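**Q** Position one of the sequence shown corresponds to residue 5 (my numbering), numbered consecutively onward.
Quick reminder that beta carbons are idealized off the backbone N, C-alpha and C, glycines included.
Just so you know, these numbers come straight off a predicted model, no measurement behind them.
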Amino acid sequence: MKTLFIKFMVLLSLALSLNTQTANAHGEKALEPFIRMRTIQWYDVQWSTQKFAVNEEIIVSGKFHVAEDWPVSVPKPDAAFLNISTPGPVLIRTERYLNGKPYTNSVALQPGGDYSFKIVLKGRLPGRYHIHPFFNLKDAGQVMGPGVWLEIAGNADDFRNEVKTINGEVIDMETYGLSNGIFWHIFWGALAAGWLLWWVRRPLFIARYRMLQAGLEDELVTKQDKLIGKVILIGVPLLVLGANWMTINQYPKAIPLQASLDQILPLSAQVNAGVVEVDTLKAEYRIPERAMTFLVKINNKSDKPIQIGEFATANVRFLNKAVSMPISDNTDTMIAPEGLSVDNPAPIESGEERTMTIIAKDALWESEKLDGLIRDSDSRIGGLLVFYDSSIGERFISSITAPVIPKFN
Ligand SMILES: [Cu+2]
């Protein structure tokens with residue numbers, strides 16, 4: 005019965021999302037390009053597996069950079085919640101970490117910071133689903149990370165979700181407190197509906213208005229009405245207090261739902277932030293060629309010669325094929341394997357400062373609806389420029405940003 009109900013809810017949510025699904029999955033590309041490119045910049049997102057069974061755990065992990073050039077029209081990420089987008093309750097989340105620390109609440113993110121995350125999920129309903137990690141930004145919306153298709157095998161009835169409470173009792177989270185919850189919802193619903201019906205069953209507005217006009221207002225409210233009113237006025241608070249007292253007695257050791265903000269500082273040196281300084285002097289988008297041209301001033305403060313390997317933005321990766329690098333990506337991230345070219349392929353020596361032209365060119369600008377940027381009131385682009393040393397051993401990531409000038413021919 006329970007699984008039947010859940011299946012129904014899944015079907016319902018799928019049906020509701022169907023109209024957008026045909027257009028572009030489930031709205032990943034619907035958000036304005038400047039929000040997708042200049043808020044949460046995801047990278048290194050990995051799923052431990054894409055085929056597993058009910059009750060089996062999978063891990064999604066990765067990193068993200070919080071753009072320095074956060075759009076002025078988007079509220080600052082003072083309360084952000086890392087979540088997983090699923091079509092209904094097909095998975096449960098059992099653990100979640102930010103920078104290695106377990107956390108349960110929303111967190112304040114610092115623009116300019118890098119964070120690593122890890123979420124442990126457990127299969128609940130068999131099927132094939134498109135799943136993303138995403139950030140719920142307070143007052144701004146959702147910024148999707150790279151998604152994958154997950155195939156969950158097995159039988160929904162085998163699903164187990166038992167936890168041990170602080171009192172040592174093992175409870176089944178699937179049914180715990182369910183009847184109690186249903187009882188109180190029905191009870192308050194019935195009481196409210198009864199009170200409403202008590203008044204609605206009588207002649208309403210016009211008849212009562214005419215009685216009022218005729219000076220018969222005393223007859224509008226009967227003695228019985230007043231009595232019932234008094235019973236509710238005293239009875240409802242007494243009932244609430246009584247039920248609260250019973251709950252406290254039954255569960256003396258309880259932890260309230262947490263409403264604080266978690267405080268987790270960004271990683272600093274881990275991605276060599278600031279070691280390679282990039283100043284974007286100009287960005288131009290040529291519409292017919294679907295090519296973004298950046299003029300950048302690069303200052304290599306590392307002790308190694310480096311080359312530009314990649315430009316990544318909004319889950320699209322433009323790679324420089326001259327710089328061979330390991331592509332480890334099992335997500336839906338769009339990859340243009342030859343999308344990035346530079347005017348001067350010679351490695352940038354340690355200590356060298358060089359002004360270069362970088363071109364990110366691919367139809368993905370259009371198919372991923374990022375070219376809409378030029379029609380936005382905020383036409384600034386943002387993304388991550390990835391540098392590698394000559395042995396591809398070390399990676400340096402710089403977040404770049406610039407206003408984009410469109411070229412129509
Ligand atoms: Cu999706």
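Sort Gln54, Leu102 and Asp222 by Cα distance to Leu154 and report the nearest one.
**A** In the sequence shown, residue 154 corresponds to position 150, counting from 1. The option with the nearest alpha carbon to Leu154 is Gln54.
**Q** At a cut-off of 8 Å, would you count Asp336 as near ligand 1, judging by its Cβ distance to the nearest heavy atom?
**A** Sequence index remark: in the sequence shown, residue 336 carries index 332 (1-based). Under cutoff, so the answer is yes.
**Q** Are Val147 and Thr337 closer than 9 Å when you measure CB to CB?
**A** Along the sequence shown, one-based indexing puts residue 147 at 143. Along the sequence shown, one-based indexing puts residue 337 at 333. No; because the gap between Cβ atoms is not below 9 Å, this pair is not in contact.
**Q** By a C-beta neighbour count over all protein chains shown, 10 Å radius and 16 as the cutoff for buried, is Lys325 buried or exposed?
**A** In the sequence shown, the residue the question calls residue 325 occupies position 321. By the neighbour-count rule (16 or more Cβ atoms within 10 Å), Lys325 is not buried but exposed.
**Q** Which residues mark the beginning and the end of the alpha helix (DSSP H) in which Asn253 is found?
**A** In the sequence shown, residue 253 corresponds to position 249, counting from 1. Element bounds for Asn253: Lys227 to Gln254.
**Q** Quick one, are the C-beta atoms of Glu281 and Ile302 less than 9 Å apart?
**A** As a working note, residue 281 is residue 277 in the sequence shown. As a working note, residue 302 is residue 298 in the sequence shown. Yes, they are a contact pair.
**Q** Please find out if some non-hydrogen atom of ligand 1 comes closer than 8 Å to the beta-carbon of Glu370.
**A** Counting from one through the sequence shown, the residue named residue 370 turns up at place 366. No, ligand 1 has no heavy atom inside 8 Å of this Cβ.
**Q** Find the nearest neighbour of Ile312 within the set Ser110, Glu342 and Ala218, judged by alpha-carbon distance.
**A** Numbered from its first residue, the sequence shown carries residue 312 at position 308. The shortest C-alpha separation from Ile312 is found at Glu342.
**Q** Who pairs with Phe68 in a beta bridge, going by DSSP?
**A** Start at 1 with the first residue of the sequence shown, and residue 68 comes out as number 64. In DSSP, Phe68 forms a bridge with Trp46 and Tyr119.
**Q** Give me whichever residues DSSP pairs with Ile62 in a beta bridge.
**A** In the sequence shown, the residue the question calls residue 62 occupies position 58. The partner list for Ile62 (beta bridge, DSSP) reads Leu125.
**Q** With burial defined as no fewer than 16 other Cβ atoms inside 10 Å of the residue's Cβ, what is the status of Phe139: buried or exposed?
**A** Mapped onto the sequence shown, residue 139 falls at position 135. Buried, by the Cβ-count rule.
**Q** Determine the DSSP secondary structure at Phe163, reduced to helix, strand or coil.
**A** Along the sequence shown, one-based indexing puts residue 163 at 159. Note: Phe163 maps to coil in three-state DSSP.
**Q** Distance check for Glu36 and Val78, CA to CA, integer angstroms please.
**A** Along the sequence shown, one-based indexing puts residue 78 at 74. Along the sequence shown, one-based indexing puts residue 36 at 32. So the alpha carbons of these two residues sit roughly 11 Å apart.
**Q** Check for me: the beta strand (DSSP E) holding Gln217 runs from which residue to which?
**A** Position 213 of the sequence shown, counting from 1, holds the residue named residue 217. From DSSP, Gln217 is part of no beta strand (DSSP E) but of the alpha helix (DSSP H) over Phe209 to Gln217.
**Q** Pro130 and Gly158 look like a contact to me (Cβ under 8 Å); what is the Cβ gap, rounded to whole Å?
**A** For the purposes of this step, residue 130 is taken as the residue at position 126 of the sequence shown. For the purposes of this step, residue 158 is taken as the residue at position 154 of the sequence shown. About 5 Å separates the two Cβ atoms, so the contact holds.
**Q** Could you work out which residue in Trp203, Lys122, Trp188 and Met215 is closest to Asn248 when comparing CA atoms only?
**A** In the sequence shown, residue 248 corresponds to position 244, counting from 1. Considering only alpha carbons, the answer is Trp188.
**Q** Spell out the partners DSSP gives His134 in its beta bridges.
**A** The residue labelled residue 134 in the question sits at position 130 within the sequence shown. According to DSSP, His134 bridges with Trp153.
**Q** How would you label Met452, buried or exposed, when you count the other beta carbons within 10 angstroms and need 16 or more for buried?
**A** Since the first residue of the chain shown is 5 and the last is 413, residue 452 is not available in this structure.
**Q** Given 8 Å as the limit, tell me if Asn89 has its C-beta closer than that to any heavy atom belonging to ligand 1.
**A** Numbered from 1 along the sequence shown, position 85 holds the residue referred to as residue 89. Here residue 89 turns out to be Ser, not Asn, going by the sequence shown. Answer for Ser89: yes, Cβ within range of ligand 1.
**Q** Can you name the start and end residues of the alpha helix (DSSP H) that Gly386 belongs to?
**A** One-based indexing of the sequence shown puts residue 386 at position 382. Unbroken run through Gly386 is the beta strand (DSSP E), Arg384 to Asp393; no alpha helix (DSSP H).
**Q** Could you check the C-alpha separation between Val408 and Leu285 for me, to the nearest Å?
**A** Counted from its first residue, the sequence shown places residue 408 at position 404. Counted from its first residue, the sequence shown places residue 285 at position 281. The alpha-carbon atoms of Val408 and Leu285 are separated by roughly 11 Å.
**Q** Give the DSSP-derived three-state secondary structure of Asn87 in the structure shown.
**A** Counting from one through the sequence shown, the residue named residue 87 turns up at place 83. Strand, per DSSP.
**Q** Below 6 Å CB to CB, which residues in the same chain sit around Ala27 once its five sequence neighbours on both sides are set aside?
**A** On the sequence shown, residue 27 is found 23 positions in, with the first residue counted as 1. With a pLDDT of 35 at Ala27, under the threshold of 50, the modelled position of that residue is not reliable, and the figure given next carries that caveat. Counting only Cβ-Cβ distances below 6 Å, and skipping sequence neighbours, we find nothing.
**Q** Compute the Euclidean distance between the alpha carbons of Asn23 and Val94, then round it to the nearest angstrom.
**A** What you label residue 23 is simply residue 19 of the sequence shown in a count that begins at 1. What you label residue 94 is simply residue 90 of the sequence shown in a count that begins at 1. Low confidence applies here, because Asn23 scores a pLDDT of 41, under 50, leaving its location unreliable and the question unanswered by this model.
**Q** Compute the minimum distance between the beta carbon of His189 and the heavy atoms of ligand 1, and state whether it is under 8 Å.
**A** Indexing the sequence shown from 1 puts residue 189 at position 185. False, no ligand heavy atom lies under 8 Å from that Cβ.
**Q** Leaving aside the five residues before and after Ala83 along the sequence, list all residues of the same chain whose C-beta is less than 7 Å from its C-beta, in chain order.
**A** Taking the first residue of the sequence shown as position 1, residue 83 is located at position 79. Excluding residues within five positions, the ones whose Cβ falls inside 7 Å are Ser110, Ala112, Lys142 and Leu265.
**Q** Taking the alpha helix (DSSP H) that Ala197 belongs to, which residues open and close that run?
**A** As a position in the sequence shown, residue 197 is number 193, starting the count at 1. Ala197 -> alpha helix (DSSP H) spans Leu182 to Val204.
**Q** Measuring only the C-alpha atoms, how far is Leu377 from Ser394?
**A** Against the sequence shown, residue 377 aligns to sequence position 373. Against the sequence shown, residue 394 aligns to sequence position 390. Answer to the nearest angstrom: the Cα atoms are 34 Å apart.
**Q** Report yes if the CB atom of Ile135 is closer than 9 Å to the CB atom of Thr90, and no otherwise.
**A** Sequence index remark: in the sequence shown, residue 135 carries index 131 (1-based). Sequence index remark: in the sequence shown, residue 90 carries index 86 (1-based). The answer is yes: Cβ separation under 9 Å.
**Q** In chain order, which beta strand (DSSP E) runs of at least 3 residues are fully inside the segment 264-300?
**A** Segments of the beta strand (DSSP E) lying fully in the segment 264-300: 280-290.
**Q** Is Glu32 near ligand 1, judged by its Cβ being under 8 Å from some heavy atom?
**A** Position 28 of the sequence shown holds residue 32. Yes, since a heavy atom of ligand 1 falls inside the 8 Å radius drawn around the Cβ of Glu32.
**Q** Just to confirm, is the Cβ distance from Pro75 to Phe38 under 9 Å?
**A** Start at 1 with the first residue of the sequence shown, and residue 75 comes out as number 71. Start at 1 with the first residue of the sequence shown, and residue 38 comes out as number 34. Result yes, Cβ atoms of Pro75 and Phe38 sit closer than 9 Å.
**Q** From Gly31 to Glu372, what does the alpha carbon distance come to, in whole angstroms?
**A** Your numbering for residue 31 matches position 27 in the sequence shown. Your numbering for residue 372 matches position 368 in the sequence shown. If I take the Cα positions, the gap works out to 11 Å.
**Q** Taking the DSSP output, what are the residues bridged to Tyr101?
**A** For the purposes of this step, residue 101 is taken as the residue at position 97 of the sequence shown. Tyr101 pairs with Pro106 and Lys122.
**Q** Might you give, ordered along the chain, the residues of its own chain that have their beta carbon closer than 7 Å to the beta carbon of Phe322, omitting 5 neighbours on each side?
**A** Taking the first residue of the sequence shown as position 1, residue 322 is located at position 318. Within the same chain, Phe322 has close Cβ partners Glu314, Phe315, Ala340, Gly343, Leu344, Ala364 and Asp366.
**Q** Is the beta carbon of Gly117 sitting closer than 9 Å to the one on Val58?
**A** The residue labelled residue 117 in the question sits at position 113 within the sequence shown. The residue labelled residue 58 in the question sits at position 54 within the sequence shown. Taking 9 Å as the Cβ cut-off, Gly117 and Val58 do not qualify as a contacting pair.
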